[in-house]
Amino acid sequence: MIITLKPNADPKRVKRELVELGLWVDEMFDADQVQFEIGVHSRAVPTETLRAIEGVATVATPKSSHPLLDAQPRTIEVGAHKVGVDAPRTVIAGPCSVESEDSVRRIAGQLAPLGVSFLRGGAFKPRTSPYAFRGHGEQALRWLARAAKEHGLGLITELMSERMRDEVAEFADLIQIGSRNMHNYALLEHAAGAKKPIFLKRGMSATVEEWLASAEYCLMHGAPSVVFCERGIRSFDPNTRNLVDLGAVALVAHVHGQPVIVDPSHGTGRKDLVEPLARAAMAAGAHGVMVETHDRPSEALSDGPQAVSIETIAAIAAYAKDAP
Ligand code: PEP
Ligand code: MN
């Protein structure tokens, strides 16, 4: 961003005001005019505030690489629910994978009274090993949809292949794009064509700019809205499954003003860390959490070590409701 001063301005005073607002200011010398270059790590301050400073002539901002995203409302509607800045915090819970019709109905029945608004569960699972349980496929979509409907919950589930787009879109209120597919632009385009809100998980090694750009793809190709989900990025330390990047959450929530949810389950891979990280995420600005939950965690067919109990999700939902 470049700020140009009026010829009669007092550069020292203007600079002091800018610094007090939290901006990093570099002077650019020119014989005719004084200009300040504002560093990228400066605090986000509305351009109107800068224009209103006495002595400022113009404020030039670089063209955004995601104009559709910038225009997205700060609170979005997903079926009967609202998600984002001016909505109550969103709690999404359910098993990693849909294991049977009975189990998903049982779990949904226990989640609904707790203040959980969306049921999650994978019908098609992206598993690192081809020998691991990969989900019950299309029939699991129907089990999930029935369980959600029966208990008045919204539904979120992952779309892994273009082939299943219409089936997933028929049942899901939010179409999840998994971490491994955030960069799969062909899939993003197809998913967006269903014209349903997209739940965009951050690629495990994606920069925030790449994440925002993927959201722009979705909006450009017909998705009405995008909700971001931070699920941890790869780190060097095997003690946790991933590293939950709360700095990125704060940036997306507070600087970009976008709806962002944190998934502390894949973020940590450990059930004992899910609740503290869920609290930290909401303190950092997350508009809610997505938590893998099972009423019999030790029997979970996938991601058991990170599945929390119904008691734990009850505590997380209570925090989401009451915390400042
Ligand atoms: C999931 O939420 O089911 C999942 C597979 O997560 P991720 O894409 O973040 O690994
Ligand atoms: Mn999982």
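All residue numbers for the sequence shown refer to the numbering used here, where the first residue is 791 and numbers rise by one.
A virtual CB, placed ideally from N, CA and C, is assigned to each residue, including glycine.
Within a 10 Å sphere around the beta-carbon of Ala-1110 sit 16 or more other beta-carbons, which makes this residue buried.
Distances taken from the Cβ of Gln-862 to the heavy atoms of ligand 2 include none shorter than 8 Å.
Each residue's CA atom was taken as its position, placing Cys-886 and His-1056 some 10 Å apart. Under the DSSP assignment, Thr-837 falls outside any beta strand (DSSP E), being part of the alpha helix (DSSP H) whose first and last residues are 837-841. Where Gly-944 is concerned, the enclosing beta strand (DSSP E) starts and stops at 944-948. Chain-ordered, the residues whose CB falls short of 5 Å from any heavy atom of ligand 1 come out as Gly-912, Gly-968, Ser-969, Lys-991, Arg-1021, His-1056. Remark: the C-beta of Ser-1088 is outside contact range of ligand 2, defined as less than 8 Å to any heavy atom.
Set against 8 Å, the gap from the CB of Ser-893 to the closest heavy atom of ligand 2 is not smaller. In the three-state scheme derived from DSSP, where H, G and I count as helix and E and B as strand, Ser-890 is classed as coil.
Fully contained in the region 964-1012 are the following alpha helix (DSSP H) runs of length 4 or more, in chain order: 975-982, 998-1010. In terms of side-chain proximity, the C-beta atom of Asp-1112 is found no nearer than 8 Å to any non-hydrogen atom of ligand 2. Here Lys-986 is buried: its Cβ has 16 or more other Cβ atoms, across all protein chains shown, within 10 Å.
Membership of Lys-1061 in the alpha helix (DSSP H) is indicated by the continuous run 1061-1074.
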